[in-house]
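The opening position of the sequence shown corresponds to residue 6 in my numbering, with each subsequent residue numbered one higher.
The beta carbon of each residue, even a glycine, is placed where N, CA and C say it ideally should be.
Since this is a predicted model, take the numbers as computed values, not measurements.
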Amino acid sequence: MNKTIRRASVFALLLVLALLVRATWLQYYDGQALADDNHNRRNVIATYSRPLGNIIVAGEAITGSTRTKGSDLAYKRTYTDGRLYAAVTGYASQAYAPTQLEGIYTDLLNGTDNQLKTVMDTVTGRRADPGDVVTTIDPAVQKAGYRALGGTKGAAVALDPKTGKILAVVSTPSYDPSTLTDAGTAGTAWQRLNADKDKPLTNRALRQPLPPGSTFKLVVAAAALEDGLYENVDEPTDSPQPYIMPGTVRELPNESKSAPCRNASLRVALRYSCNNVFGHLAVQLGQDKVRAMAEKFGFNDEEQDVPVRAYPSVYPSGMDKSQTALSGIGQFNVTATPLQMAMVSAAIANGGKLVSPHMVARITDGGGDVLKDYDDDTDTKEIIGSRTAEQLRSAMETVVKDGTGTNALIDGVTVGGKTGTAQHGENNDKSPYAWFTSYGKSDGNGREVAVAVMVEQSDAARSEVSGNGLAAPVAKAMMQAALK
């Protein structure tokens, strides 16, 4: 054979082999990556080629799917009471990545989750029937919180202290997820929602930590009792008034100048929300002991999944003594979500034990068979001793009966709570945040609930912004709904 022809034949053969190797590589190695690529429209077409699975509240689907017209995407997501449940469901959009439960359980809801596949599905490559997400949300409690918050910017979370079930996750102002589901109209809605100064897409209940103000005093009180600094909530403390923060000439003032805060007991200090007592306590304990207690309750947890990941609530480090004093009243760089403050009240209500909060009870396959039961997969941690919890409950009940939380009183219910009004802005030049964290136990049926409410901004005059005035009535409405 001619030498030149032989060389050309070998080169051609090498080219064919290279093509075969590349094709094999693409099919068996890069194929899955290409299939999963967000820019692969076939995935979107496949996802919306049939109805999605649903998110369930109290046995009823709050999501659905409807036929589209004039699109290669055959179905789009729909929502029942979308604004009410937006902080729970998030959205499943033909144009944008899904959020909240829609995002966490995307594969389950569209049928690609491996847990859904039968042997035949694996052999044939058929997409399995989609599964459902069954939540722990109580519609009565969710509605009560949403209505009570009304036109304010705020959030609320309700927990069952005994089981860790999240009964409500409310964030206002809300939005209608249905406006983001259709690829043809989602862009306009997206721009409008992102331009809204009230940030309706922000889940304030789980993902916007803010200074918790005096509600954080419960954590400091727990640290003082657990450390043995004081034996009980009725023992007088060593609390000067006025209290000058260490290393400064600045007084840490009390909201009420006439309150009996000098050397006040923890009960009296919580009742009147004495800043001098808790600022001094934080310095006496030291930031490390306060931080250790805060972290037991869940602060500084970077992986707080319910199963939506909540932003971490923060108790800072590296503070000087004056900053430590401010941290003792929930200021300086201390931040918390309503979820976190509900967890504090839940642990106190439950004898010092915190059951891991969760808002999904179980996930099921297309036939309704349970794939995973989260109610049976909870984790319980002892945060404080039962005696400390009992002491704090007694003091919190005094706050509601005779102190700053009287707007949370409910006939036939034992209610404990703690108000908070957190400074906002440079030199407190903006409207403060109003907080209330609480628990309620029905004297009749024994049911229990823990609720935390944060009002970020309302139409109330600055002088009228308080935890008792704005947040406690919301908590009361939610507790009444939960304890019926």
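If you keep only unbroken beta strand (DSSP E) runs of at least 3 residues inside the region 379-459, you get 385-387, 418-429, 435-447. Cβ contact annotation for E387 (same chain, cutoff 7 Å, sequence separation greater than five): G357, K358, in chain order. A Cβ-Cβ separation of about 17 Å leaves T411 out of contact with V470 under the 8 Å criterion.
For T68, the enclosing beta strand (DSSP E) stretches over residues 68-72. The beta carbon of D380 lies closer than 6 Å to those of A366 in the same chain, with the five residues before and after it left out. G159 carries a strand assignment under DSSP once its states are collapsed to helix, strand and coil.
Restricting attention to N268, K294, T177, the CA atom closest to the CA of A227 is found in K294.
By the criterion of a C-beta distance shorter than 8 Å, E240 is surrounded in its chain by S270, L271, once the five residues flanking it on both sides are discounted.
Comparing C-alpha distances from V146 to each of V162, V139, G156 shows the shortest one belongs to V162. Straight-line measurement puts the Cα of L106 at about 14 Å from the Cα of A173. For T140, same chain residues with a beta-carbon under 7 Å away, outside a window of 5 residues either side, are I60, I61, V62, V93, M364, V365, A366 in chain order.
Judged by DSSP secondary structure, Y277 falls within the alpha helix (DSSP H) whose first and last residues are 271-277.
Burial of F302 is indicated by the presence of at least 16 other C-beta atoms within 10 angstroms of its C-beta.
For the options A315, L24, P178, L331, the alpha carbon positioned closest to that of S322 is the one of L331. DSSP places P241 in the strand class (E or B) of the three-state scheme. A315 carries a strand assignment under DSSP once its states are collapsed to helix, strand and coil.
Contact between the region 330-350 and the region 76-83 is absent, with fewer than three C-beta pairs closer than 8 Å. If only uninterrupted alpha helix (DSSP H) runs of at least 4 residues are considered, those enclosed by the region 81-132 are 87-94, 105-109, 111-115, 124-129. Across the set C266, G284, R11, the C-alpha of G284 shows the shortest separation from the C-alpha of R255.
Sorting L230, T220, S176 by C-alpha distance to the C-alpha of N208 places S176 at the top. From the listed residues T190, V313, G64, L344, the smallest Cα separation to P214 is found for L344. Collapsing the DSSP output to three states places V138 in a strand.
Assignment of A173 by DSSP, reduced to helix, strand and coil, places it in the strand class. Nearest in C-alpha terms to R88, of all of S183, T9, G159, P103, is S183.
Around the beta carbon of P135, 16 or more other beta carbons sit within 10 angstroms, so the residue counts as buried. Looking at the backbone, the Cα of N237 and that of P251 are separated by about 26 Å. Counting along the chain, K204 sits inside no alpha helix (DSSP H), nor does DSSP assign it H or E at all. Leaving aside the five residues that flank R11 on each side, none in its chain has a CB nearer than 6 Å to its CB. With 16 or more neighbouring CB atoms inside 10 Å of its own CB, N355 falls in the buried class. Proximity to V405 across T393, T419, Q396, R392 peaks at T419, based on C-alpha coordinates. The C-alpha of D306 lies about 56 Å from the C-alpha of V21. When the five nearest sequence neighbours on each side are left out, the beta carbons in the same chain lying within less than 6 Å of the beta carbon of T383 are those of G169, V360, S361, in order along the chain. Here I368 carries a strand assignment [DSSP, helix/strand/coil]. When C-alpha distances from K446 are compared across Q289, L211, L164, the shortest belongs to L164.
Buried is the label assigned to A315, since at least 16 other Cβ atoms lie within 10 Å of its Cβ.
Within 10 angstroms of the beta-carbon of M125 lie fewer than 16 other beta-carbons, which makes it exposed.
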